[in-house]
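Encoded as structure tokens, the structure appears first; notes follow it.
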Amino acid sequence: MIRLNSESKNILDVRGMTKHFPIGVFASARQVHAVEDATFTVQHGQVVALVGESGSGKTTTIRMIARLIPVTHGEIFFEGADILKTEPRRASIDYRSKVQLIFQDPFASLNPVHTIEHHLARPLIIHKKAAGRQEIHDRVCDLLETVDIKPAAEIARRYPHQLSGGQRQRIAIARALAVDPKLILADEPISMLDVSIRMGILNLISRLKEQRGISYLYITHDLASARYIGDLIMVMYAGHIVEGGNSEEIMGGAVHPYTQLLLSAVPDPGAGLRTRKDIGVRGEVPSLIDPPPGCPFAARCPKVMNICHHVIPEKAEITPDHWVRCHLFGS
Amino acid sequence: MNLNTKTTPSHLKNESLLPVSVKKPISTQLEFFQRLVTQPKAIIGLVILAVFILMAIFAPLITPGDPSRFVDHPHRPPSSEHWLGTTGQGQDVFAQVVWGARISLFIGFSVGMFTTLIGLIIGMIAGYLPGVIDGLLNMFTNVFLLIPGLPLLITLASFLPPGIITVILVLTATGWAWSARVFRSQTLSLREKDFVSASVVSGEDTSRIVFSEILPNMLSLVVSSLFGSVAYAIASDAGLAFLGFENVNNVSWGTMLFWASNNSALLQEAWWTFLPPGLCIALVSFATTMLIYAMDEITNPRLRSEKEISSVLRKFHIGAKRSTPVVKEPIA
Amino acid sequence: MIKPGEVVGLAGESGSGKSTIAHAILRILHPPALITGGRALFAGRDILEMNDDELEQFRWSNISIVFQSAMNALNPVMRIREQLMDVMLHHGLSKIEATERAINLFDLVGIEPQRLDGYPHQLSGGMRQRVVIAIAIALNPPMLILDEPTTALDVVVQKDILQQIATLREKLGFSILFITHDLSLLVEFSTHIAIMYAGEIVEKAPARKLFDNPLHPYTLGLMNSFPSISGEKHKLTGIPGSPPDLVTPPTGCRFHPRCPKAMPVCSQSAPLTKTVSADHSVACHLY
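Residue numbers (my numbering), protein chains in the order written: chain A, 34 to 364; chain B, 39 to 370; chain C, 16 to 302.
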């Protein structure tokens with residue numbers, strides 16, 4: 034897609050987004066540093082994959098962008114507008130019609146007491162996409178067919194507990210599509226699905242991106258699916274985004290020691306048994322409560338230097354499509 | 039990346055392959071009620087309640103005439119003329135029991151409904167809206183929870199003119215807090231569910247989320263609370279009446295007990311003046327308790343499956359076991 | 016069949032019955048489960064014939080199990096020392112012997128012995144799983160069942176734990192029944208693999224052979240569901256449809272509604288297991 038104005042290339046522009054959760058009620062309360070200084074962009078029609086283990090802060094990041102939880106500091110620019118300034122208290126209906134969220138657990142994201150038709154009709158009604166029973170019903174069936182749920186009319190009458198995990202997740206996608214969004218935030222949409230069904234969902238996501246130009250921020254702990262679907266991959270560790278870039282470049286040439294650790298740990302039968310080298314990293318993810326200064330990976334990094342314990346590394350560009358935050362690179 | 043590649047065989051074009059055995063879909067609420075009425079415990083409870091309700095409705099047909107009129111000598115034991123004998127004032131006990139059901143059940147169900155309603159409104163608002171509102175409502179609820187029930191009941195009743203409205207008011211005022219607490223915590227936990235967040239992200243407004251998304255998920259809790267309140271109300275009403283805080287000219291099970299005590303029924307060995315109303319109160323409480331147990335069983339499938347397995351084990355003559363039993367023939 | 020020293024992987028999705036088999040072998044399925052046939056021979060003895068007391072003696076000293084979620088397996092209000100020693104004391108060790116063994120076990124799994132006096136919530140996820148493994152090898156059983164031991168763990172911790180288990184296996188020589196849905200893990204870790212679908216085993220082969228030459232369409236489909244992190248990127252399709260309802264399973268071969276190579280006979284009769292080559296058997300009408 035050709036954009037004349039380079040500023041409008043980005044549909045989402047997150048700058049310095051930070052989230053701290055206080056523990057305890059007093060002023061001296063300790064803080065969980067869930068997300069620290071997250072800065073990245075998502076372009077129109079792009080799939081950006083955010084990869085991290087559990088506790089890395091990726092779900093918190095996505096919930097802040099979905100405006101389910103408030104930001105501690107930072108800015109969110111959507112389609113060029115500074116959202117937190119223009120709608121500080123609650124997200125506007127306009128924002129809700131452009132940014133949608135798909136949840137991880139297909140069994141929890143649908144209300145067990147409502148039919149599928151109800152789930153899909155509500156966003157249509159709220160955003161005035163359709164009116165009158167017949168029109169709404171027709172739109173609902175269209176949405177179901179778009180996500181390959183057939184026979185649409187019959188499934189629309191059903192309740193969530195009568196459907197499989199894969200079907201429910203497709204319906205969650207249909208619900209997101211109902212408002213004609215520009216950006217879909219996907220919180221590990223396949224990790225709770227059966228293995229054989231996952232690819233179908235990922236292919237659906239890809240297809241919708243091609244056909245409708247929807248951008249995605251896809252979060253996962255699985256590097257392989259991030260590579261499969263992502264144009265860009267970003268790696269998150271203990272609340273910090275430590276590396277990002279074009280997905281093939283990251284897969285083939287990751288430079289941050291944590292990314293290298295992740296790559297070495299993924300089981301890859303194609304690569305042969307036990308041919309992966311031991312990266313030499315021990316230990317586990319540090320506590321996010323009042324963390325020590327400096328790079329979060331310093332405690333485990335095999336290439337740690339003195340400066341790593343004191344100063345958080347700045348972004349350094351490896352290539353125009355690949356940046357990293359590590360004292361081994363850059364200034 | 040087109041999904042419709044030529045390698046997809048025709049019988050797989052239909053992405054959603056449904057299991058053969060799915061019947062016409064019914065809502066979770068309908069299913070809940072269906073289960074409720076077929077449970078043995080629920081049936082017992084419902085039948086007993088039905089008997090009493092019908093008795094109250096058809097009182098004029100069952101025992102026509104004013105139940106407080108004088109019919110015979112006082113303290114006559116049960117006989118063919120007066121099935122449950124006469125009271126200390128010479129009134130027909132059976133007639134009083136039948137007519138008394140009206141007031142007692144009316145009070146019971148009204149209080150049940152009002153406490154549940156108020157509890158729902160306050161509990162759900164406190165549970166869903168964070169911060170100050172929740173704090174205030176919660177404090178308010180806790181005050182009512184902490185004040186000892188019976189003294190509060192008596193205090194309120196002594197200030198107000200005796201009568202049915204007073205009783206309903208007073209019982210509701212002392213009974214709503216417990217339901218509110220329960221509904222608040224259920225709302226708090228439901229609020230965190232993904233489907234509520236999904237509604238928020240869809241742009242749904244708060245009141246619709248609370249009443250259309252969260253409330254239907256609390257149905258079994260609401261019904262239990264309702265029945266629990268009914269039992270509480272009927273028993274407390276009897277207590278209030280017994281202590282003389284109601285209009286003793288009304289005929290209800292509670293006032294019957296008051297008069298029985300007043301007329302020294304125990305000393306007179308006139309058991310028929312206090313046993314029937316007491317029994318009625320106990321039976322209604324029993325019926326509501328059965329319904330609550332039935333609801334427990336429905337909402338907790340583990341209890342159900344344990345019953346099913348015991349019957350199968352009995353069929354194969356295996357006793358209760360610590361390990362998975364082995365049966366070397368197919369089960370019918 | 017599991018021979019001494021082998022690692023047999025059991026792969027399948029939800030509803031395939033893989034976890035059920037593990038629990039059934041140890042006869043720890045919850046009511047209303049009933050075992051209705053077959054035999055489970057361990058060193059010649061049929062587990063299904065044992066009574067409760069025999070089972071109590073049999074379990075843990077012959078076969079032990081590591082459950083999926085360590086927090087499910089560990090009691091949050093008991094000290095780790097008590098939980099570890101519990102099974103040893105039950106099987107007749109004295110307190111002194113049990114304490115000594117507990118320290119040894121912790122050494123084997125790589126946890127400092129001070130942790131014995133703590134509670135489960137004080138440990139990280141990976142460490143908790145190591146504790147569960149320590150409990151599993153407490154009586155040095157000849158066979159270990161691992162029921163999705165790393166599914167709830169992050170990929171880095173997963174690799175650590177699996178390496179730990181591999182090291183322990185080399186040291187102590189037990190066989191493993193490794194249950195998981197992650198086929199790529201199995202190919203790396205097992206000597207043999209069995210694939211389960213809807214309660215039946217559909218293919219069995221040595222691990223490398225299965226990976227190089229999968230025969231059953233379901234196995235092929237499963238392999239087509241794992242994107243790789245290296246090599247060429249191609250489109251994967253997974254398997255359309257969803258696992259069947261086990262109350263009324265499909266007639267004939269249970270996989271036929273989802274099978275791209277289904278033939279008319281597949282809906283009529285269930286295929287028998289045939290040995291296609293040495294060690295490699297499959298239940299499919301194509302063979």
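Don't be surprised by glycine CBs; every beta carbon is placed ideally from N, CA and C.
Can you grab the Cα-Cα spacing for the pair residue 82 of chain B / residue 352 of chain B, in whole Å? Distance from the CA atom of residue 82 of chain B to the CA atom of residue 352 of chain B, rounded to whole angstroms, is 25 angstroms.
Where does residue 272 of chain B land, buried or exposed, given buried means 16+ other C-beta within 10 angstroms? buried
Would residue 136 of chain A pass as an interface residue toward chain B - the criterion being a Cβ-Cβ separation below 8 angstroms? Using beta-carbon distances, residue 136 of chain A counts as an interface residue toward chain B, with a partner under 8 angstroms.
At 8 angstroms on the CB atoms, spell out the chain B contacts of residue 67 of chain C, in chain order. Neighbours of residue 67 of chain C on chain B, chain order: 359, 360, 361.
Hey, out of C:113, C:92, C:91, whose CA is closest to residue 101 of chain C's CA? Answer by Cα proximity: C:113.
Under 7 angstroms between beta-carbons, which chain B residues line up against residue 229 of chain A? List them in chain order, please. Here the premise fails: no neighbours, minimum Cβ distance about 12 angstroms.
Note the first and the last residue of the continuous alpha helix (DSSP H) segment covering residue 302 of chain C. Run containing residue 302 of chain C: none; DSSP gives neither H nor E here.
Around the C-beta of residue 161 of chain A, are 16 or more other C-beta atoms found within 10 angstroms, so that it is buried, or is it exposed? exposed
Grab the span of the beta strand (DSSP E) containing residue 276 of chain A for me, first residue to last. 273–279
Assuming residue 242 of chain A is part of the alpha helix (DSSP H), what are its boundary residues? 228–245
Quick one: measure Cβ to Cβ for residue 192 of chain A and residue 139 of chain A, integer angstroms, because I've assumed they're closer than 8 angstroms. About 14 angstroms separates the two Cβ atoms, so there is no contact after all.
Bridge-paired residues (DSSP) for residue 324 of chain A: DSSP, once it has assigned bridges, lists no residue as partnering residue 324 of chain A.
Closer than 8 angstroms at the beta carbon, the chain C residues around residue 350 of chain B: What residue 350 of chain B touches in chain C, judged by beta-carbon distance under 8 angstroms, is 47, 49, going in chain order.
On the premise that residue 244 of chain C lies in contact with residue 260 of chain A, defined as a C-beta separation below 8 angstroms, what is that separation, rounded to the nearest angstrom? 6 angstroms
Is residue 86 of chain A helix, strand or coil by DSSP? coil
Are three or more beta carbon pairs between the segment 318–327 of chain A and the segment 174–192 of chain C nearer than 8 angstroms? no
Would you be able to state if there are at least three C-beta pairs under 8 angstroms between the segment 228–243 of chain B and the segment 298–309 of chain B? As far as the Cβ criterion goes, the segment 298–309 of chain B does not touch the segment 228–243 of chain B, which means the pair count is below three.
List in chain order: all unbroken alpha helix (DSSP H) runs of 4+ residues lying wholly within the segment 67–137 of chain B. 78–95, 97–100
For the pair the segment 172–190 of chain B and the segment 324–340 of chain B, tell me if three or more CB-CB distances fall below 8 angstroms. no
What residue does the beta strand (DSSP E) around residue 291 of chain B start on, and which one ends it? Residue 291 of chain B -> not in any beta strand (DSSP E); alpha helix (DSSP H) instead, spanning 291–300.
Just reading off the beta strand (DSSP E) that residue 219 of chain A is part of, what are its end residues? Secondary structure note for residue 219 of chain A: its beta strand (DSSP E) is the uninterrupted segment 216–220.
Which value, in whole angstroms, describes the spacing of the CA atoms of residue 373 of chain B and residue 169 of chain B? The first residue shown for chain B is 39 and the last is 370, placing residue 373 of chain B beyond what the model contains.
Residue nearest to residue 251 of chain C in terms of C-alpha spacing, selected from C:17, C:242, C:259: C:242
Neighbour list for residue 70 of chain C in chain B, Cβ cutoff strictly below 7 angstroms: Chain B residues near residue 70 of chain C: 361.
How is residue 140 of chain B classed by DSSP in three states: helix, strand or coil? helix
Would you check if there are 3 or more beta carbon pairs closer than 8 angstroms linking the segment 210–223 of chain C to the segment 181–188 of chain C? no
Within 10 angstroms of its Cβ, does residue 289 of chain C collect 16 or more other Cβ (buried), or is it exposed? Residue 289 of chain C comes out exposed.
When you compare each of A:183, A:196, A:99, A:270 to residue 131 of chain A by their alpha carbons, which one comes out closest? Out of A:183, A:196, A:99, A:270, A:99 has the C-alpha closest to the C-alpha of residue 131 of chain A.
Taking just the CA atoms, how far does residue 286 of chain B sit from residue 275 of chain B? For the pair residue 275 of chain B and residue 286 of chain B, the Cα-to-Cα distance works out to about 12 angstroms.
Under three-state DSSP, which class holds residue 178 of chain C? helix
Minimum C-alpha distance to residue 257 of chain A - residue among A:82, A:240, A:122: Per the C-alpha coordinates, the member of A:82, A:240, A:122 positioned closest to residue 257 of chain A is A:82.
Between which two residues does the beta strand (DSSP E) holding residue 195 of chain C run? 190–195
What does residue 52 of chain C reach in chain B if we use C-beta pairs closer than 7 angstroms? Ordered by position in chain B, the residues that pass the 7 angstroms Cβ test against residue 52 of chain C are 366.
Nearest-angstrom Cβ-Cβ length linking residue 137 of chain B and residue 289 of chain B, presumed shorter than 8 angstroms: About 5 angstroms separates the Cβ atoms of residue 137 of chain B and residue 289 of chain B, confirming a contact at the 8 angstroms cut-off.
Quick one: does residue 232 of chain B have its CB under 8 angstroms from some CB of chain A? yes
So residue 82 of chain A contacts chain C; which residues on that side make the cut at Cβ distance below 8 angstroms? Going along chain C, no residue has its Cβ under 8 angstroms from residue 82 of chain A, so there is no contact; the nearest lies around 12 angstroms.
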